[in-house]
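Protein chains in written order, with our numbering: chain A, 88 to 373; chain B, 88 to 373; chain C, 88 to 373; chain D, 88 to 373.
Okay, structure coming up:
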């Protein structure tokens, strides 16, 4: 197995106190507060993303997710709205004081992604080194998803590409690995979260939606992630999952998201953390 | 994938309220209280198991584990003390009012296992159907570990062998699956726990020690298991792990176990559960 | 990873020239001739096994397979005809001068398995150490299948249990490992065959039927196994796969088996081997 | 699992006779002749690639491989000589009448890759859709490696991106998948080769070097690939593997390559194929 070289920038030793990544709009990831990022898999149209943003804001989540440039296994699947999707996402987010996270697949898309608070590198691109090198030259926060077949060491070394190039604003995201189990889309690897929190100073969040691929497991896995020491979640919610153009079966309904936020609070309290809330409604876990 | 036939005894529909397995000594697994079973991988000698039992009792765990008939990958590894190991385990447990759990590999060992509260079927024997059929004819609690490469459906169908044969006192145990990741011994699959709790009425516990294979991940994974809805833990503790004849690198030290119990309490409270404590010291999570 | 201890009986160094396992009826496995064992997954009734045996003998294969004690994932699946199945298998085999191979799941079945030339330990029982120890005390040939999630090292260590107990008549069988790929039932691991032939002196055969789980891949994989250096095949054939009680989708039809034997000949010749044929019809590859 | 839509360009039905990809210099991949592409993992300097090219030409292989833009897990590993590496590779190849294959990681590298006969998309970039779309607009042959965790269906859908964009000159390459087995770097999946040859009309070759990660398995796996129906090999050879900057442990030595070519001949003959040889020395398998 490839080992992380001693002295690597990504290692905990390089920054024992941990890194806090600050998103525009004052959301801090990696601090005491647990940050829930939520939204649909893809931005489909204005009405859908507005409705989803309502749900996200109402639940108290500070970050809106939504894909505009979509990596799809088949060239015949919906490929995202592209630049227009980014504009719809940013409009929906800014109207509600939310930060926005969306995926970047190609450095050529960066001009269209101005205003996006957090640039996501998807699991399929974790070792797209041309993309990593381009992002390493920016001073913008990057969310680096673990590839479905990457070891923890490989994931951290991909992050090292970003740090070595000069961009220290990196958040890691565990989203399930590929195993023999077919009851779930992927297998959520919370050991990797516990381990990554020890090995690196970077914040680590969890995407339970892509891991499970089914709505009914998302709440349980989210609570487990919080207890395991994750710094936040990236979770899918859709106003009408049955009509979703992408991954509807794993999207929560708006009431599910509110219920999840309600249930996260005491678990986070149990591990000495709080839940990040939009300023107006921010509550410290009691 | 093999599907569980409709009408199977193992399915949640057969017993919507859930099954509580009662171990001799009044420990209930599958109820509101979370049961921590702890002890060394193997019973090595009287002094070791007595010392381990002290640690287990002192931490407030109601069940002592310890292997006597050991399945080992190599024929040249320590194979366990066999019948003598069972006697030492039972002596150490009963002196402290603990129930005992140990592995059975062969129906021929059953006479030697009289007095054991919970008979463990190890991961390697999950589909040893001759053994399952023999245990199905007993009226004794069985702990059925998931094989390292079994799907959740296959695991539940293995349990169905026990129920179909007449033994309904079955506890399931997730202990990590085999994946490409080499940083951990196995990959703990908490999705399987969330899923199994929905699919079946049987209690489900988690073995974080064999999953991780390394002590430093055990506490984090234990808290995650509690938050995910598991009904208990099977965790390794050894008075001097460096001298252990088996799996020392994954064993907690006695103070680690006490600390784990302390940390479990608020997380369990966060999901509406309590921690099972030996009668004298039993505390409801507040 | 568990390493095979230096000096282990299973290692090539212990017997550089290789082991030839002789089955009753003078079939040698591990020599220059490649041995094809064929037959149905399960013995279903007299007519079926007789018809299958006709196909096997007509194709020139010297060994008839057929399960009598069947390990099935579900307790509600056909569990095999047991002792009666063994009798039907032996009758069909002996009438045609074939050796017989069938699975043993439990030492208690051994009396019923008298007359069976080759006792198969199935993949699920590769680490059923009680069974291995019982078989190690016999002087009868054993076919040890690799478990679906066993490393090559673990497989060889399971064989070491047999050799260490005194039984050196062991044939290994690779039958596919469990991976993420769903297009095949398992993933045939021919690297393991090449590697095992280097690491150990024991003969190694391949079961392409369980590996693929689908008839249309069996011939291609069989040729590949022959080229990779395997010593033989264990392949499923059924007179009417659509009516099979078990694994029909992976069974060849009788004409497929003849065609496979015809195609094996020149490939074996290409790697300096010949095809084992029943005495009457034995042909050296030309 | 993602299914290939009916009517997809990649499916066998679209071109039942199969596709032959012609490389500049008249090498045809996908026809009756089996094409061996060989060379070092990376171009290191002029002397090394010249020496390697000598070995490749002397063995009769028509295509020289050598990486110039290298995807490396760690940013601190040798990243390849880039544009200069391409020049050295092309010089070494053209001097000997060989075609050249090298990896492209980023469309921005395409100008530097003029003259390269076959553009390789590495396993890590199999689902780098921006790269696939850029390559789909070229009329140049592309070698598409299967990702270490891609199903066969996903691999074919990645090829569909190329065909749907207008580039039909696609060769597939199986190079091992990621599994639990640690004795090999990856697990060569020859079932995928047999299956892909049925599902698609595109040529399929095999990289036994990255699959095995160790020299001693390469010959056996190469013979198996030929017998399984592959259309060629991509194999690593290095004049002094112990000094290689990249993957030396899996590189053949020049005499190994000659020996491999010698052994391939009769196996290919056994399956009705011949071995592609440089015009001067081209031999039909006899």
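Ideal Cβ positions, reconstructed from N, Cα and C, are used throughout, including at glycine.
Quick one, which of the options has its alpha-carbon nearest residue i's?
i, options, result
"residue 162/A", "133/D, 325/D, 214/D and 152/D", "214/D"
"residue 330/B", "134/B, 114/B, 238/B and 99/B", "134/B"
"residue 253/A", "222/A, 268/A, 281/A and 231/A", "222/A"
"residue 348/B", "104/B, 110/B and 145/B", "145/B"
"residue 198/D", "166/D, 174/D, 284/D and 279/D", "174/D"
"residue 182/D", "170/D, 189/D, 195/D and 143/D", "143/D"
"residue 166/B", "340/B, 312/B, 258/B and 190/B", "190/B"
"residue 230/D", "211/D, 259/D and 240/D", "259/D"
"residue 101/C", "236/C, 250/C, 245/C and 176/C", "250/C"
"residue 170/A", "302/A, 361/A, 211/A and 132/A", "132/A"
"residue 332/D", "104/D, 164/D, 306/D and 317/D", "164/D"
"residue 312/C", "328/C, 336/C and 283/C", "283/C"
"residue 303/C", "362/C, 211/C, 178/C and 336/C", "336/C"
"residue 346/A", "306/A, 262/A and 315/A", "306/A"
"residue 210/D", "362/D, 261/D and 104/D", "261/D"
Count the other CB atoms within 10 Å of the CB of residue i; is the residue buried (16 or more) or exposed (fewer)?
i, result
"residue 256/B", "buried"
"residue 93/D", "exposed"
"residue 319/A", "buried"
"residue 266/A", "buried"
"residue 364/D", "buried"
"residue 296/B", "buried"
"residue 157/A", "buried"
"residue 328/A", "buried"
"residue 147/D", "buried"
Can you name, in chain order, every residue of its own chain whose Cβ lies under 6 angstroms from the Cβ of residue i, other than the five neighbours on each side?
i, result
"residue 381/B", "What is shown of chain B runs 88 to 373, which leaves residue 381/B out entirely."
"residue 138/B", "326"
"residue 424/A", "No answer is possible for residue 424/A: it lies beyond the span of chain A, which begins at 88 and ends at 373."
"residue 95/C", "247"
Compute the Euclidean distance between the alpha carbons of residue i and residue j, then round it to the nearest angstrom.
i, j, result
"residue 186/D", "residue 357/D", "27 angstroms"
"residue 286/D", "residue 273/A", "25 angstroms"
"residue 136/B", "residue 293/A", "39 angstroms"
"residue 375/C", "residue 118/C", "Outside the shown range of chain C, which is 88 to 373, sits residue 375/C, and nothing can be said about it."
"residue 192/D", "residue 279/C", "32 angstroms"
"residue 322/A", "residue 352/A", "16 angstroms"
"residue 160/A", "residue 91/D", "10 angstroms"
"residue 217/B", "residue 208/C", "13 angstroms"
"residue 340/C", "residue 151/C", "15 angstroms"
"residue 234/C", "residue 264/C", "7 angstroms"
"residue 359/C", "residue 121/C", "11 angstroms"
"residue 109/B", "residue 116/B", "6 angstroms"
"residue 277/A", "residue 343/D", "45 angstroms"
"residue 338/D", "residue 124/D", "13 angstroms"
"residue 236/C", "residue 236/B", "6 angstroms"
"residue 172/C", "residue 202/C", "13 angstroms"
"residue 200/C", "residue 178/C", "13 angstroms"
"residue 212/A", "residue 315/A", "26 angstroms"
Ignore the nearest five residues each way along the sequence and tell me which others in residue i's own chain have a CB closer than 8 angstroms to its CB.
i, result
"residue 112/A", "149, 184, 185, 186 and 204"
"residue 246/B", "97, 231, 257, 259, 287 and 289"
For residue i, which residues of its own chain have a beta-carbon under 7 angstroms away from its beta-carbon, when the five flanking residues on both sides are left out?
i, result
"residue 98/C", "91, 286 and 287"
"residue 194/C", "218 and 221"
"residue 334/B", "128 and 323"
"residue 240/D", "88, 89, 90 and 91"
Under 8 angstroms by Cβ, that's how I've got residue i and residue j pegged, so tell me the actual separation to the nearest angstrom.
i, j, result
"residue 206/B", "residue 228/B", "7 angstroms"
"residue 310/D", "residue 281/D", "Their Cβ separation, rounded to whole angstroms, is 15 angstroms, which puts residue 310/D and residue 281/D out of contact at 8 angstroms."
"residue 409/D", "residue 299/D", "In this structure chain D extends from 88 to 373, so residue 409/D is not present and cannot be described."
"residue 308/B", "residue 275/B", "6 angstroms"
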